Amino acid sequence: MSVVAREALDRLVLDVPDYPEPGIVFKDITPLLADHDAFTAVVGALAAAGQDSSGATVVDKVVGMEARGFILAAPVALALGAGFVPVRKAGKLPRVTHAVSYALEYGEATLELHRDAIAPGERVLLVDDVLATGGTVVATRQLVESCGGEAVGVAVLMELGFLSGREAIGDLPLTALMTV
Ligand code: AMP
92 MSVVAREALD RLVLDVPDYP EPGIVFKDIT PLLADHDAFT AVVGALAAAG QDSSGATVVD
152 KVVGMEARGF ILAAPVALAL GAGFVPVRKA GKLPRVTHAV SYALEYGEAT LELHRDAIAP
212 GERVLLVDDV LATGGTVVAT RQLVESCGGE AVGVAVLMEL GFLSGREAIG DLPLTALMTV
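Sequence positions in the sequence shown follow my numbering and run 92 to 271.
Below, the structure written as structure tokens:
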């Protein structure tokens with residue numbers, strides 16, 4: 092990862108205590124997104140997860156999870172010459188979907204993917220801002236596999252190490268630009 096990307100993550104991701112509820116420290120990436128050099132650098136670092144050692148693209152699709160995953164995955168897809176696919180919360184996609192429900196700390200969430208968004212055999216990179224418990228990534232991988240695609244890796248800006256998301260995602264290779 093470049094010095095610019097490292098410095099951007101240190102300086103431009105802000106901790107917001109007790110948001111959206113007491114006890115949560117929210118990682119606010121909006122200052123990073125507003126800085127062209129910083130955004131460019133982290134998109135390049137995330138895109139490397141979809142390339143081999145010679146720099147060739149090894150994925151067909153880049154999936155971004157609602158909502159901040161969209162912002163990062165779309166430019167990563169363009170950088171890789173791959174397609175972008177959104178994974179959305181329940182009820183937001185207009186055509187026939189696959190759906191996966193998973194447990195949150197309190198309650199349950201459902202994510203959906205258009206059934207024709209990924210063709211059987213396509214190789215897919217997952218992109219999001221933060222890996223916390225890993226529930227979002229595990230559900231997204233299931234959606235990709237429901238289409239017959241293969242999730243080949245996940246790339247995030249930040250891994251919250253104390254929540255053990257890395258263990259939850261099992262054998263899916265993880266690229267985390269930063270661990271906190
Ligand atoms: P999880 O499914 O627990 O790994 O949570 C990951 C999802 O929740 C990602 O889409 C993140 O955007 C969001 N998320 C979880 N914890 C945080 C946090 N502390 N700050 C910002 N976003 C978070």
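We treat Cβ as the ideally placed atom computed from N, Cα and C, and that holds for glycine.
If you're wondering where the values come from, they're calculated on a predicted model, not measured in any experiment.
Under the three-state reduction of DSSP, R186 is assigned to coil, being neither helix nor strand. Pairing G244 with V215, the inter-Cα distance amounts to about 7 Å. Sorted by chain position, residues whose beta-carbon lies closer than 7 Å to a non-hydrogen atom of ligand 1 are I115, V116, F117, K118, M156, R159, G160, D219, D220, V221, L222, A223, T224, G225, G226, T227, V228, L251, L254 and G256. In the three-state reduction of the DSSP assignment, P108 falls in the strand class, which pools E and B. In this structure, the CA atom of D219 is about 17 Å from the CA atom of A200.
Within the model, the alpha-carbon separation for E112 versus V187 is close to 34 Å. Every beta strand (DSSP E) stretch that sits fully inside the segment 136–167 and reaches 3 residues is listed by chain position as 152–156. DSSP, read as helix, strand or coil, puts T224 in coil. Here the alpha carbons of D151 and V235 stand approximately 12 Å from one another.
In the three-state DSSP reduction, E196 falls in the coil class, being neither helix nor strand.
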